[in-house]
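Step one of this worksheet: look at the structure below.
Residue numbers (the numbering used here), protein chains in the order written: chain F, 1 to 112; chain G, 113 to 226.
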C-alpha cells in the first residue's frame, strides 16, 4: 500500500466549529488532493496541491481551505463546519502527471 | 456541467455475464484517463490510458480509450460476485490552466448476483 495516512478516521463535530483533517504521505509524491464523496455525486475535488505552498481550488472549494507547508502533509480546514459538509473525505497522492493516484482510507466527518 | 460522465449509473448482472462500462469526457488538454474500483473503502487503481486504441488488460478486466470520440470503456468478462463495486473513471486535464488535476465521474455501481 502507498504510504498515505489520513487522520482522524472518524469525527463528529458541531455546526460552527473549525475542523482540520490531515493527510500525511511517506512517498515524497508531488501532487496531493482532497476529495469529498457523497451519494449521487461521486468524488468531487475540493483542493489540490502541486508542490509545497502551491495549491489550487477544485470544483467544490467553498467553505474549505488547505495548506501544504511541507511535502508530506496536506491539511484540509473547515473554518466553520456546516451540516452540508457531512461527508467522507479522501486524500490522494500522485508522483507526477500521467501516473496513478493512490488514496488514503478516508475520513468520515459528521457535522451535527 | 459534468466533464466526466459515466454510464450506466448502476447495473445488476448474474455471475458469468460480461459487462461494459462507459466513460465519456469533455476536458481541456487531456493527459490521461484512469479507472478505479471502489468497494467499501478507498478506491483502488485499475488502469491508466493515454493513447487511443491500445487495450490495457488485467485478467478478466480490460479497457480501451478513444481520444477522437472522447470516451473509454471498461470490460469485465465472466463476472464474479467479487466484482461487485463502484467503478470510477477519472480524467487528468488542466482546464486551460497551468496545473493538471484529476476529475472523477459519478461512478457505475455494479452488482453481480450469484
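The beta-carbon is built from N, C-alpha and C at its ideal position, and this holds for glycine as well.
Inter-residue spacing [alpha-carbon to alpha-carbon] between residue i and residue j
i: residue 179(G); j: residue 173(G); result: 20 Å
i: residue 23(F); j: residue 160(G); result: 24 Å
i: residue 118(G); j: residue 76(F); result: 28 Å
i: residue 111(F); j: residue 182(G); result: 39 Å
i: residue 226(G); j: residue 123(G); result: 14 Å
i: residue 103(F); j: residue 128(G); result: 30 Å
i: residue 132(G); j: residue 211(G); result: 32 Å
i: residue 12(F); j: residue 192(G); result: 37 Å
i: residue 91(F); j: residue 221(G); result: 22 Å
i: residue 188(G); j: residue 219(G); result: 15 Å
i: residue 185(G); j: residue 141(G); result: 20 Å
i: residue 109(F); j: residue 151(G); result: 19 Å
i: residue 116(G); j: residue 27(F); result: 28 Å
i: residue 4(F); j: residue 201(G); result: 21 Å
i: residue 177(G); j: residue 107(F); result: 33 Å
i: residue 30(F); j: residue 206(G); result: 16 Å
i: residue 52(F); j: residue 149(G); result: 30 Å
Per DSSP, cross-strand counterpart(s) of residue i
i: residue 113(F); result: Coverage of chain F is limited to positions 1 through 112, which leaves residue 113(F) absent and any answer about it impossible.
i: residue 22(F); result: 7(F), 75(F)
i: residue 131(G); result: 188(G)
i: residue 177(G); result: 184(G)
i: residue 225(G); result: 126(G)
i: residue 220(G); result: 199(G)
i: residue 170(G); result: 173(G)
Terminal residues of the beta strand (DSSP E) in which residue i lies
i: residue 29(F); result: No beta strand (DSSP E) contains residue 29(F), which DSSP labels as neither H nor E.
i: residue 48(F); result: 42 to 51
i: residue 119(G); result: 116 to 119
i: residue 202(G); result: 197 to 205
i: residue 55(F); result: 54 to 57
i: residue 94(F); result: 87 to 94
i: residue 157(G); result: 156 to 161
i: residue 65(F); result: 64 to 70
Name the residues in the stretch 20 to 37 of chain F whose C-beta lies less than 7 Å from a C-beta of chain G; which are they?
-> Cβ contacts with chain G come from 33.
If contact means a Cβ-Cβ distance below 7 Å, which residues of the stretch 141 to 155 of chain G contact chain F?
-> When C-beta distances to chain F are compared with 7 Å, the residues of the stretch 141 to 155 of chain G below that value are 143, 144, 146, 153, 154, 155, in chain order.
Validate contact between the stretch 85 to 103 of chain F and the stretch 25 to 39 of chain F using beta carbons, cut 8 Å, 3 pairs = Three or more Cβ pairs closer than 8 Å define a contact, and the stretch 85 to 103 of chain F meets that threshold against the stretch 25 to 39 of chain F.
Listed from N- to C-terminal order along the chain, which residues in the stretch 158 to 180 of chain G have their beta-carbon within a distance smaller than 8 Å of any beta-carbon of chain F?
-> 160, 162
Could you tell me whether the stretch 46 to 57 of chain F touches the stretch 150 to 166 of chain G, where touching means 3 or more Cβ pairs closer than 8 Å?
-> no
Any residues in the stretch 187 to 216 of chain G with a beta carbon nearer than 7 Å to a beta carbon of chain F? Which ones, in chain order?
-> 200, 204, 211, 212, 213, 214, 215, 216
Taking a cut of 9 Å between CB atoms, which residues from the stretch 44 to 65 of chain F lie near chain G?
-> 44, 45, 48, 50, 54, 56, 58, 59
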